[in-house]
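Protein chains: 2
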Amino acid sequence: MTTAFALRHEDRFAQVQAVNAWKIRPTELPPAREASPVQPVLHFAQDTGIFAEGDEAVSFYKVVSGVVRSCKFQNDGRRHIDAFYMPGDVFGFEVGAEHELSAEAVTGCAVVAYPRRALEARAGEDGAAALQLYNFAMRSLARARAHSQLLGRASAAHKLAAFLLELSASKPTGAIDLVMTRQDIADYLGLTIETVSRTLSLLEREGVIRLPAARRILVTDRAHLQSLCE
Amino acid sequence: MTTAFALRHEDRFAQVQAVNAWKIRPTELPPAREASPVQPVLHFAQDTGIFAEGDEAVSFYKVVSGVVRSCKFQNDGRRHIDAFYMPGDVFGFEVGAEHELSAEAVTGCAVVAYPRRALEARAGEDGAAALQLYNFAMRSLARARAHSQLLGRASAAHKLAAFLLELSASKPTGAIDLVMTRQDIADYLGLTIETVSRTLSLLEREGVIRLPAARRILVTDRAHLQSLCE
DNA sequence: CGGATTGTTGATTACTTTCAACAATGGTGG
DNA sequence: CCACCATTGTTGAAAGTAATCAACAATCCG
Numbered sequence: 001m002t003t004a005f006a007l008r009h010e011d012r013f014a015q016v017q018a019v020n021a022w023k024i025r026p027t028e029l030p031p032a033r034e035a036s037p038v039q040p041v042l043h044f045a046q047d048t049g050i051f052a053e054g055d056e057a058v059s060f061y062k063v064v065s066g067v068v069r070s071c072k073f074q075n076d077g078r079r080h081i082d083a084f085y086m087p088g089d090v091f092g093f094e095v096g097a098e099h100e101l102s103a104e105a106v107t108g109c110a111v112v113a114y115p116r117r118a119l120e121a122r123a124g125e126d127g128a129a130a131l132q133l134y135n136f137a138m139r140s141l142a143r144a145r146a147h148s149q150l151l152g153r154a155s156a157a158h159k160l161a162a163f164l165l166e167l168s169a170s171k172p173t174g175a176i177d178l179v180m181t182r183q184d185i186a187d188y189l190g191l192t193i194e195t196v197s198r199t200l201s202l203l204e205r206e207g208v209i210r211l212p213a214a215r216r217i218l219v220t221d222r223a224h225l226q227s228l229c230e
Numbered sequence: 001m002t003t004a005f006a007l008r009h010e011d012r013f014a015q016v017q018a019v020n021a022w023k024i025r026p027t028e029l030p031p032a033r034e035a036s037p038v039q040p041v042l043h044f045a046q047d048t049g050i051f052a053e054g055d056e057a058v059s060f061y062k063v064v065s066g067v068v069r070s071c072k073f074q075n076d077g078r079r080h081i082d083a084f085y086m087p088g089d090v091f092g093f094e095v096g097a098e099h100e101l102s103a104e105a106v107t108g109c110a111v112v113a114y115p116r117r118a119l120e121a122r123a124g125e126d127g128a129a130a131l132q133l134y135n136f137a138m139r140s141l142a143r144a145r146a147h148s149q150l151l152g153r154a155s156a157a158h159k160l161a162a163f164l165l166e167l168s169a170s171k172p173t174g175a176i177d178l179v180m181t182r183q184d185i186a187d188y189l190g191l192t193i194e195t196v197s198r199t200l201s202l203l204e205r206e207g208v209i210r211l212p213a214a215r216r217i218l219v220t221d222r223a224h225l226q227s228l229c230e
């Protein structure tokens with residue numbers, strides 16, 4: 001067990017290092033003009049880091065296109081995914097000077113960086129801006145609470161059902177195109193990839209979903225899925 | 001299983017109802033003067049509700065003395081405890097108009113209520129006040145993230161170790177006086193009371209802690225406790 | 001077409017929950 | 001002050017669920 005974890009940790013670490021070597025660092029970009037209402041759009045290739053744990057938290061980010069994950073690598077080699085951010089979502093909020101989580105591009109994606117110092121300075125003068133900042137933080141808080149409740153929930157089927165409902169919320173057709181791997185889902189739900197895979201297969205056998213391809217899920221019985229979340 | 005859950009749910013529900021019948025509701029107090037820098041202190045007896053899920057979120061609260069828990073009752077009868085709040089902590093933040101969680105007095109306690117409307121209005125004018133509000137929200141966010149990571153962690157021993165370290169952080173002597181029940185701890189960590197009890201006994205047998213009384217824990221080997229959290 | 005990555009499935013093991021009984025504690029009234 | 005009862009906590013045995021180990025299938029890329 002220890003060996004396996006250690007190996008996984010080393011693998012992951014090596015991977016992260018490799019990624020960092022060629023990732024586009026926002027801190028390497030010319031500083032944004034503080035007064036400019038339009039911020040530059042940054043592009044990140046799939047599986048590249050946007051910022052890493054311990055980096056100075058110089059900016060907030062808004063997803064323009066693609067999907068971002070924020071995650072924490074624990075010393076036992078496990079990875080905890082805190083959240084997936086979809087277009088429109090804001091991420092990278094921090095209390096202190098440094099990022100406590102890493103953010104990585106799940107798919108190729110475009111994000112806008114908002115310089116934190118400028119934003120917080122402006123909030124000190126402009127109340128409306130301050131309230132907006134506050135509201136973004138509150139939204140993150142609501143999501144974090146919901147995630148805690150999801151992780152505290154008992155069964156794997158519950159977790160998967162809640163996750164699928166979250167993903168399909170914006171898709172009335174019930175067709176979900178997963179952009180994340182099984183490992184991503186597992187790390188988000190506190191499960192293993194095997195359990196994720198098995199549970200999806202189980203849901204398919206029960207007629208709740210269909211899996212025409214590994215990355216495509218059709219929700220055929222949303223009511224049943226909802227009943228699993230109760 | 002369903003029956004057991006249903007029963008538990010009914011029991012809990014009845015209990016909450018009974019509690020609500022005689023709890024002191026902040027909304028029943030005369031409205032605080034908006035300009036007043038000193039807010040009234042509210043007192044709550046042990047196990048009484050401070051606010052309930054669905055209540056209009058009229059105030060934020062700061063703990064003066066005692067301990068508060070915020071929790072959510074799920075439809076399967078389980079209770080999820082989102083956080084414990086100690087003196088100095090602020091709770092009751094909400095994005096929307098209603099509380100998404102309930103807050104209850106773990107011990108007899110005193111809290112100060114800050115009228116939300118007045119505070120948010122003031123934040124619109126006074127940038128410093130707005131930033132303070134923002135910082136409180138951010139601190140809640142950091143805690144919620146840490147809690148997610150705790151719940152995502154695998155073993156019961158890990159969870160208990162992290163919980164004990166959290167509690168003993170402010171106690172250099174290593175003596176913890178628990179104010180919460182095993183059920184509270186279980187609902188906070190996503191475990192059952194039996195597992196909490198067994199795991200504590202296990203930690204005692206391993207010489208990491210001592211349990212001179214049910215509600216008293218002595219941390220005898222903090223390093224070992226920390227190694228369990230990695 | 002290989003080779004690597006990603007995903008699925010089976011068998012076994014380990015851990016937590018459940019069910020059950022009992023012990024300890026604390027408050028109340030005789 | 002003590003006996004009693006309710007609440008809270010502990011422990012054991014059995015059952016259930018997810019993790020682990022392992023093999024294999026499918027997919028994607030160069």
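Line by line, the protein sequences are chains R and Y.
Going by the working numbering, the first residue of the first sequence is number 1, and it counts up by one from there.
Going by the working numbering, the first residue of the second sequence is number 1, and it counts up by one from there.
No residue lacks a Cβ here, since even glycine has one placed at the ideal position from N, Cα and C.
Being a predicted model, the structure only gives us computed values, none of them experimental.
Worksheet item: Grouping DSSP H, G and I as helix and E and B as strand, with all else coil, what is V63/R?
Response: Along the first sequence, one-based indexing puts residue 63/R at 63. Note: V63/R maps to strand in three-state DSSP.
Worksheet item: Is DSSP giving C78/Y helix, strand or coil here?
Response: Looking up residue 78/Y in the second sequence gives position 78. The sequence as given places Arg at residue 78/Y; Cys does not occur at that position. The DSSP-derived three-state label of R78/Y is coil.
Practice prompt. State the CB to CB distance for the pair G92/R and Y134/R, rounded to an integer number of angstroms; the pair is presumed to be in contact (CB under 8 Å).
Written response: Counted from its first residue, the first sequence places residue 92/R at position 92. Counted from its first residue, the first sequence places residue 134/R at position 134. With 8 Å as the limit, G92/R and Y134/R do not qualify as a contact, their Cβ atoms being about 16 Å apart.
Practice prompt. For M180/R, I'd like the list of residues in its chain whose CB is within less than 6 Å of its CB, leaving aside the five on either flank, ordered along the chain.
Written response: Within the first sequence, the letter at position 180 stands for residue 180/R. The answer, listed in chain order, is V106.
Item to complete: Below 8 Å between beta carbons is the criterion; list the residues of the stretch 133 to 159 of chain Y that meet it against any residue of chain R, in chain order.
Response: L133, Y134, N135, A137, M138, R139, S140, L141, A142, A144, R145, H147, S148, Q149, L151, G152, R153, A154
Discussion item. Here's a check: name, in chain order, each residue in its chain whose Cβ is nearer than 6 Å to the Cβ of R33/R, leaving out the five neighbours to either side.
Written reply: Within the first sequence, numbered from 1, the residue matching residue 33/R stands at position 33. Legend: pLDDT at R33/R = 41, less than 50; position of this residue unreliable, value from coordinates given subsequently. If we look at R33/R and ignore the five residues flanking it on each side, it has no Cβ neighbours.
Worksheet entry | Proximity test, Cβ basis, 8 Å: A169/Y and chain R | In the second sequence, residue 169/Y corresponds to position 169, counting from 1. Closer than 8 Å: no.
Discussion item. I'd like to know if K72/Y contacts chain R, where contact means its C-beta is closer than 8 Å to some C-beta of that chain.
Written reply: Position 72 of the second sequence, counted from the start, is the residue given in the question as residue 72/Y. Chain R, which has a Cβ nearer than 8 Å to the Cβ of K72/Y, makes this yes.
Worksheet item: Using the C-alpha atoms, what's the distance from I81/R back to V41/R?
Response: In the first sequence, the residue the question calls residue 41/R occupies position 41. In the first sequence, the residue the question calls residue 81/R occupies position 81. In a straight line, the C-alpha of V41/R is about 24 Å away from that of I81/R.
Discussion item. Applying the 10 Å Cβ sphere with the 16-neighbour rule, what's the burial state of S201/Y?
Written reply: As a working note, residue 201/Y is residue 201 in the second sequence. By the Cβ neighbour-count rule, S201/Y is exposed, with fewer than 16 other Cβ atoms within 10 Å of its own.
Worksheet item: What do you reckon, are the CB atoms on G152/Y and L151/R nearer than 8 Å?
Response: In the second sequence, residue 152/Y corresponds to position 152, counting from 1. In the first sequence, residue 151/R corresponds to position 151, counting from 1. Closer than 8 Å, so yes.
Worksheet item: Between the beta-carbon of L225/R and the beta-carbon of T199/R, is there less than 8 Å?
Response: One-based indexing of the first sequence puts residue 225/R at position 225. One-based indexing of the first sequence puts residue 199/R at position 199. Contact flag unset, no.
Worksheet item: Taking Cβ-Cβ distances shorter than 9 Å, what residues in chain R pair up with R95/Y?
Response: Reading the second sequence from its first residue, position 95 is the one you call residue 95/Y. Position check: residue 95/Y holds Val in this sequence, whereas Arg was assumed. Those within 9 Å of V95/Y in chain R are N135, M138, R139, L141, A142.
Worksheet item: Does the distance from the CB of I209/Y to the CB of L165/Y come in under 8 Å?
Response: The residue labelled residue 209/Y in the question sits at position 209 within the second sequence. The residue labelled residue 165/Y in the question sits at position 165 within the second sequence. No. Outside cutoff.
Practice prompt. Look up E104/Y in the DSSP assignment and say whether it is helix, strand or coil.
Written response: One-based indexing of the second sequence puts residue 104/Y at position 104. In this structure, E104/Y counts as strand in the three-state DSSP scheme.
Worksheet entry | Opening and closing residue of the beta strand (DSSP E) in which F51/R lies | Counted from its first residue, the first sequence places residue 51/R at position 51. Counted as a single uninterrupted DSSP element, the beta strand (DSSP E) harbouring F51/R occupies residues 49 to 51.
Practice prompt. Just tell me which of V67/Y, L189/Y, A175/Y, V68/Y has its CA closest to the CA of P212/Y.
Written response: Position 212 of the second sequence holds residue 212/Y. It is A175/Y.
Worksheet item: Between A52/Y and the rest of its own chain, which residues show a CB-CB distance below 6 Å, the 5 nearest in sequence each way excluded?
Response: Your numbering for residue 52/Y matches position 52 in the second sequence. Excluding residues within five positions, the ones whose Cβ falls inside 6 Å are S102.
Discussion item. So the candidates are L178/R, R122/R, A214/R, I217/R; which of them puts its Cα closest to the Cα of V68/R?
Written reply: Locating residue 68/R in the first sequence gives position 68, where the first residue counts as 1. V68/R has its Cα closest to that of L178/R, out of L178/R, R122/R, A214/R, I217/R.
Item to complete: Compute the minimum distance between the beta carbon of L141/Y and the heavy atoms of the ligand FMN, and state whether it is under 7 Å.
Response: This structure lacks the ligand FMN, and indeed carries no ligand of any kind.
Discussion item. Any beta carbon from chain Y within less than 8 Å of H99/R's own beta carbon?
Written reply: Counting from one through the first sequence, the residue named residue 99/R turns up at place 99. No, no contact with chain Y.
Discussion item. Checking the sheet assignment: what are the DSSP bridge partners for S70/R?
Written reply: Within the first sequence, residue 70/R is the residue found at index 70, counting from 1. In the DSSP output, where bridge partners are listed per residue, S70/R has A83/R, A103/R.
Practice prompt. Hey, could you find the ends of the beta strand (DSSP E) V95/Y is sitting in?
Written response: Position 95 of the second sequence, counted from the start, is the residue given in the question as residue 95/Y. Premise fails: V95/Y is in no beta strand (DSSP E) and is neither H nor E.
Worksheet item: Which residue's Cα is closest to the Cα of V90/Y: A156/Y, R79/Y, L141/Y, E98/Y?
Response: By 1-based counting over the second sequence, the position of residue 90/Y is 90. For the residues A156/Y, R79/Y, L141/Y, E98/Y, the minimum Cα distance to V90/Y belongs to L141/Y.
Worksheet entry | 7 Å CB neighbourhood of G207/Y in its chain, flanking five on each side removed | Position 207 of the second sequence, counted from the first residue, corresponds to residue 207/Y. Excluding positions up to five away in sequence, the list reads T220, D221.
Item to complete: Establish whether the CB of L29/R and some CB of chain Y are separated by less than 8 Å.
Response: Sequence index remark: in the first sequence, residue 29/R carries index 29 (1-based). No answer about L29/R holds up, because its pLDDT of 35 lies below 50 and its placement is not dependable.
Worksheet item: For the stretch 206 to 227 of chain Y, which residues have a beta carbon sitting closer than 9 Å to at least one beta carbon of chain R?
Response: none
Worksheet item: Going by DSSP, which residues form a beta bridge with E56/Y?
Response: Counting from 1 along the second sequence, the entry for residue 56/Y is found at position 56. According to DSSP, E56/Y bridges with E98/Y.
Worksheet item: What in chain Y is Cβ-close to A123/R, meaning under 9 Å?
Response: Sequence index remark: in the first sequence, residue 123/R carries index 123 (1-based). Near A123/R (Cβ distances below 9 Å), the residues of chain Y are G127, A130, L131, Y134.
Worksheet item: From L189/Y to L119/R, what distance separates their C-alpha atoms?
Response: Position 189 of the second sequence, counted from the start, is the residue given in the question as residue 189/Y. Position 119 of the first sequence, counted from the start, is the residue given in the question as residue 119/R. So the two alpha carbons sit approximately 36 Å from each other.
Discussion item. If the cut-off is 7 Å on Cβ atoms, which residues from the stretch 44 to 56 of chain Y count as contacting chain R, listed in chain order?
Written reply: none
Practice prompt. Could you tell me whether any Cβ in chain Y is nearer than 8 Å to the Cβ of E104/R?
Written response: For this step, residue 104/R is matched to residue 104 along the first sequence. With 8 Å as the cut-off, E104/R does not count as an interface residue toward chain Y.
Fill in: Under 7 Å by beta carbon: chain R residues contacting D82/Y
Translated into positions along the second sequence, residue 82/Y becomes position 82. Contact of D82/Y with chain R by beta-carbon distance below 7 Å involves R145, S148.
Discussion item. Excluding the 5 residues flanking V64/Y on each side, which residues of the same chain have their C-beta closer than 8 Å to its C-beta?
Written reply: Position 64 of the second sequence, counting from 1, holds the residue named residue 64/Y. V41, P87, C109, A110, V111, V112.
Worksheet item: Is A123/Y closer than 8 Å to G127/R when the C-beta atoms are compared?
Response: In the first sequence, residue 127/R corresponds to position 127, counting from 1. In the second sequence, residue 123/Y corresponds to position 123, counting from 1. The answer is yes: Cβ separation under 8 Å.
Discussion item. Looking at the secondary structure, which residues open and close the beta strand (DSSP E) in which V179/R lies?
Written reply: The sequence position of residue 179/R within the first sequence is 179, counting from 1. Element bounds for V179/R: n/a, residue is neither H nor E.
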